[in-house]
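Numbering (the numbering used here), first residue to last: 12 to 720.
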């Protein structure tokens with residue numbers, strides 16, 4: 012099916028092509044592409060392209076610190092091709108989209124191990140700490156990784172490198188809205204240099220936020236606690252061992268503002284009973300969501316979203332150099348996730364166990380070939396229970412995947428690299444409460460080509476197929492629906508994608524521009540119209556998504572660096588109809604960094620373009636109203652807007668650093684500045700919480716101190 016370009020996407024890509032030659036200077040020297048952790052100002056903010064055949068953008072530890080990011084979602088927010096989407100104003104749940112594709116089509120890995128859970132894909136990005144993280148790698152496109160077969164949109168990989176020195180780090184910060192982030196990390200290296208240890212801990216918090224003072228938050232309280240330990244050991248010259256253990260606890264408390272009239276405390280809100288008047292015309296005062304809930308009819312429990320999740324991760328790796336041409340790798344991982352939640356009038360509890368094992372061999376028969384052969388196994392079992400509602404639902408399932416893969420990297424000369432891979436998977440899913448099975452096999456080829464035109468210019472072309480097991484219902488709606496559900500999916504989601512990227516690296520200038528095209532067929536969706544209960548089905552047709560971007564940075568002086576990113580996203584009607592929250596279509600980022608004389612500073616402006624509600628019929632924004640009588644429409648479009656962030660730090664001594672910053676400097680929110688609450692009434696006179704198009708939290712000012720010994 013032929014897809015027509017939209018003008019705005021053409022503008023982005025044509026602008027990219029026109030700007031590329033302007034960045035070439037005869038005097039530019041080859042600048043080594045930094046993967047992570049450079050101390051130069053040039054690397055402070057711009058995500059760099061990893062020096063590998065697969066297009067991989069790397070957010071360094073320095074860039075993460077410049078963002079004051081305490082979680083993975085904050086670390087990758089607004090990076091090229093990345094959309095961090097809030098999909099519920101009361102619970103604050105976030106989805107991570109790559110290249111415009113949906114959040115469930117993104118795979119999360121920790122140190123290259125795809126052991127993330129369904130629960131983590133919905134709430135976990137806010138809970139994964141940045142303490143001890145040396146870089147975050149983003150690979151966009153289907154087949155970005157041989158060991159992440161379900162990555163239709165791409166892969167987000169959190170990396171913790173082994174330490175290079177003994178160090179103790181302490182980072183303490185406080186701010187408005189109850190903001191706090193405390194981090195402590197210690198590293199130790201043995202005298203023989205064969206053993207390295209890292210131990211880190213983090214706690215962070217931000218309180219509820221209610222811009223329109225109607226007693227229902229637009230952004231919930233989020234509290235995280237995490238401990239991470241990792242050890243690297245080399246028992247011999249041929250063997251390398253790596254073991255990681257992590258423990259996380261996250262709590263979201265959203266909905267009724269504490270002290271706002273419905274609840275005196277969090278425990279008060281949790282122990283209240285839901286009311287039976289949620290459908291009354293005057294459930295909100297005056298029948299309008301911009302007003303407070305009617306205390307004579309509403310209960311705090313009618314709005315309460317309280318999600319408590321814990322996760323324990325145990326991962327071990329063993330690599331052995333058998334000889335000069337052969338290296339073997341064995342990986343084993345176990346992850347346990349537990350959630351205990353309140354979703355308004357219902358409760359939901361789930362236990363999930365994930366077992367992952369991989370064996371791989373890298374063989375180098377000649378200087379021109381590198382062959383990888385491997386097999387992996389992943390078992391996911393989730394047992395759940397819910398109460399409340401008309402039909403309490405059990406979404407328990409048991410999923411097993413067995414995979415085989417092979418890849419050859421061919422390097423015929425110093426300029427050209429070609430990687431061709433093939434992956435086979437056998438998938439077995441049992442929906443335990445539904446008495447339904449899902450058995451499929453899939454063969455997915457991948458091709459990656461890298462060509463160095465000269466010392467400065469590099470092209471990368473990627474093409475491949477991806478797939479996803481359709482468990483979207485559980486990721487998106489478990490514990491919320493009180494009508495129960497059924498499963499009728501009979502197909503895998505399958506995708507084809509092509510991506511081209513052109514990158515320039517010079518002494519003062521870095522630039523990259525890319526275009527991607529993805530087609531996804533048999534998209535999973537919930538059908539409430541043709542079934543007696545909401546039912547997960549495989550839809551007909553193929554959805555298409557296109558994305559183009561250009562990113563550039565220029566070192567203006569020894570101390571100042573400027574950067575910018577311009578992006579465009581295009582979704583065809585089939586794919587648009589799967590969105591329940593409208594996505595972004597255009598985005599512009601402008602950055603300025605300073606590094607000198609003991610001072611560091613960064614300033615970022617992010618602009619989002621206007622979007623028409625009529626383009627996203629399933630989201631139904633053009634049929635949202637502020638009032639029960641459906642006379643006060645929420646309009647026909649989301650306006651364009653911009654936000655700004657800033658951080659300044661001063662190196663006081665070799666060990667001590669102080670800093671201050673502000674996020675959302677101009678205090679722009681869709682509720683305060685756009686006069687548009689995320690609460691709404693639909694055409695059935697039912698209220699909901701997902702009319703979201705802009706920022707839901709206002710200005711946060713913070714300050715802190717960091718010490719390294």
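All C-beta atoms in this analysis are idealised placements derived from N, C-alpha and C, irrespective of residue type, glycine included.
Owing to the predicted nature of the structure, the values given are computational and were not obtained by experimental measurement.
- One Cα belongs to residue 405, the other to residue 397, and the distance between them is close to 6 Å.
- DSSP places residue 596 in the coil class of the three-state scheme, outside both helix and strand.
- Taking 7 Å as the cut-off, the beta carbon of residue 137 is found no closer than this to the beta carbon of residue 113.
- 7 Å or more divides the Cβ of residue 79 from the Cβ of residue 717.
- For the region 96-158, the full-length alpha helix (DSSP H) segments reaching 4 residues or more read 129-134 along the chain.
- Non-local C-beta neighbours of residue 609 in its own chain, meaning closer than 7 Å and more than five positions away in sequence, comprise 661 and 662, ordered along the chain.
- A direct Cα-Cα distance of roughly 28 Å separates residue 460 from residue 88.
- Taking all protein chains in view, the Cβ of residue 341 is surrounded by fewer than 16 other Cβ atoms within 10 Å, so the residue is classified as exposed.
- Secondary structure in the region 167-200: the beta strand (DSSP E) runs of 3 residues or longer, each lying completely within the stretch, are 178-186 and 191-200 in chain order.
- Contact between residue 257 and residue 142 does not hold, since the beta-carbon distance rounds to 10 Å and is not under 8 Å.
- Of the candidates 480, 573 and 169, the residue whose Cα lies closest to the Cα of residue 536 is 480.
- Rounded to the nearest angstrom, the Cβ distance from residue 390 to residue 411 is 5 Å, consistent with a contact under 8 Å.
- With a cut-off of 8 Å on Cβ pairs, the region 110-127 is not in contact with the region 182-200, counting fewer than three such pairs.
- Between residue 650 and the set 618, 629 and 628, the nearest pair of CA atoms involves 618.
- Taking 7 Å as the cut-off, the beta carbon of residue 573 is found no closer than this to the beta carbon of residue 586.
- Linking residue 272 to residue 706 through their CA atoms gives a straight-line distance of about 25 Å.
- Residue 279 sits in a helix when the DSSP states are folded into three classes.
- Sequence-distant Cβ neighbours of residue 238 in its own chain, meaning closer than 6 Å and more than five residues away, are 212 and 258.
- Ranked by how close their Cα comes to the Cα of residue 345, the residues 323, 331 and 362 have 323 in first place.
- Contact annotation: residue 547 and residue 577 have beta-carbon atoms that are not nearer than 7 Å.
- Per DSSP, the unbroken beta strand (DSSP E) holding residue 615 starts and ends at 610-619.
- DSSP lists 505 as the beta-bridge partner residues of residue 478.
- Listed as beta-bridge partners of residue 331 by DSSP are 250 and 339.
- Nearest C-alpha to residue 607 among 633, 615 and 571: 571.
- In this structure, residue 180 keeps its C-beta atom at 7 Å or more from the C-beta atom of residue 228.
- Under the three-state reduction of DSSP, residue 519 is assigned to coil, being neither helix nor strand.
- Residue 85: member of the alpha helix (DSSP H) spanning 83-87, first to last residue.
- Rounded to whole angstroms, the gap between the alpha carbons of residue 709 and residue 563 is 29 Å.
- Here the region 241-258 makes contact with the region 320-334; the two share three or more CB pairs at distances below 8 Å.
- In the DSSP assignment, residue 357 falls outside any alpha helix (DSSP H) and lies within the beta strand (DSSP E) extending over 357-377.
- Ranked by how close their Cα comes to the Cα of residue 262, the residues 303, 173, 339 and 352 have 352 in first place.
- Excluding the 5 residues flanking it on each side, residue 172 has same chain C-beta neighbours closer than 6 Å at 145, in chain order.
- In this chain, residue 78 is not harboured by any beta strand (DSSP E), its DSSP state being neither H nor E.
- Per DSSP, reduced to three states, the secondary structure at residue 308 is coil, with no helix or strand assignment.
- Residue environment for residue 134: buried (at least 16 other C-beta atoms within 10 angstroms of its C-beta).
- Scanning 76, 85 and 108 for the CA closest to the CA of residue 594 turns up 108.
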